[in-house]
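Asker: Read in order, the letters of the sequence shown are residues 1 to 153 in full-length UniProt numbering.
Just so you know, even glycine gets a beta-carbon here, dropped at the ideal spot from N, CA and C.
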Amino acid sequence: MSNTFHQVYIQAVFAVKYREALITNECKSKILSVIGNLINETGCKTIIVNGTEDHVHCLLTLKPTISVSDLMKVVKGKSSKYINDNKLTKYKFEWQEGYGVFSYSKSHIDAIYKYIENQEEHHKKQNFKDEYSSFLKKYDTKFDERCIFENLI
1 MSNTFHQVYI
11 QAVFAVKYRE
21 ALITNECKSK
31 ILSVIGNLIN
41 ETGCKTIIVN
51 GTEDHVHCLL
61 TLKPTISVSD
71 LMKVVKGKSS
81 KYINDNKLTK
91 YKFEWQEGYG
101 VFSYSKSHID
111 AIYKYIENQE
121 EHHKKQNFKD
131 EYSSFLKKYD
141 TKFDERCIFE
151 NLI
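What follows is the structure, encoded as structure tokens:
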């Protein structure tokens, strides 16, 4: 696309199904690497991917020819297949249905990068459900509390 210029920064957040703590220290770096590579394969650009045992944050630039829903379908689908095919987790791995996506201006990228980089430290003070709910409220996203997460088993 000649004469088309873009710079769209987004953060995608998604959880392990039932928020199970399946992303262990042994498999975490591989899973995050796979997710980052899948983002890049779509033509988007990974800035940072990090998370904890039950969820992941991805900061990236979005390519204008791919929709967020197509990107998430690829990333979540192919990463869970990779995780299961390579037996990276002790149990069958699935991502929770849905995701959160938030957009940012260039001036916010350093702060968001540091926030994602420090997920382990951050989650010593706040659990994922509270974090996710605060994102939705901060960005004035309409939601039904009952529909944010599937019930735990």
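Quick one: grab the DSSP three-state call for lysine 78.
Answerer: Here residue 78 refers to the residue found at position 78 of the sequence shown. Helix at lysine 78.
Asker: Note down, in chain order, each residue of its chain lying with its Cβ closer than 6 Å to the Cβ of leucine 32, except the 5 sequence neighbours on either side.
Answerer: Within the sequence shown, residue 32 is the residue found at index 32, counting from 1. Excluding sequence neighbours, leucine 32 sits near Val49.
Asker: Can you tell me the Cα-Cα spacing of phenylalanine 10 and isoleucine 23, whole angstroms?
Answerer: Here residue 10 is taken as the residue at index 10 of the sequence shown, counted from 1. Here residue 23 is taken as the residue at index 23 of the sequence shown, counted from 1. The sequence shown places isoleucine at residue 10, not phenylalanine. Between isoleucine 10 and isoleucine 23, the C-alpha separation is close to 23 Å.
Asker: At which residues does the alpha helix (DSSP H) containing valine 8 begin and terminate?
Answerer: In the sequence shown, counting from the first residue as 1, residue 8 sits at position 8. From DSSP, valine 8 is part of no alpha helix (DSSP H); its letter is neither H nor E.
Asker: Do you know whose CA, among Val34, Thr65 and Ile35, lies nearest glutamine 7's CA?
Answerer: The residue given as residue 7 occupies position 7 in the sequence shown. Per the Cα distances, Thr65.
Asker: Can you tell me where the alpha helix (DSSP H) with asparagine 25 in it begins and where it stops?
Answerer: Translated into the one-based positions of the sequence shown, residue 25 becomes position 25. Per DSSP, asparagine 25 belongs to the alpha helix (DSSP H) from 25-41.
Asker: May I ask whether a heavy atom of the ligand GTP can be found less than 8 Å away from the beta carbon of aspartate 54?
Answerer: Although the ligand GTP was asked about, the structure shown includes no ligands whatsoever.
Asker: Rounded to whole angstroms, what is the Cα-Cα separation between leucine 62 and isoleucine 47?
Answerer: Within the sequence shown, the letter at position 62 stands for residue 62. Within the sequence shown, the letter at position 47 stands for residue 47. Taking the straight line joining both Cα atoms gives about 11 Å.
Asker: With distances taken from CA atoms, which of Lys114, His57 and Glu97 is nearest isoleucine 35?
Answerer: Taking the first residue of the sequence shown as 1, we reach residue 35 at position 35. It is His57.
Asker: Please report the straight-line C-alpha distance between glutamine 119 and phenylalanine 5, rounded to a whole angstrom.
Answerer: By one-based count along the sequence shown, residue 119 stands at place 119. By one-based count along the sequence shown, residue 5 stands at place 5. Whole-angstrom Cα-Cα distance: 32 Å.
Asker: Going by other Cβ atoms of all chains shown within 10 Å of its Cβ, with 16 needed for buried, is aspartate 54 buried or exposed?
Answerer: Sequence index remark: in the sequence shown, residue 54 carries index 54 (1-based). Under this definition aspartate 54 is a buried residue.
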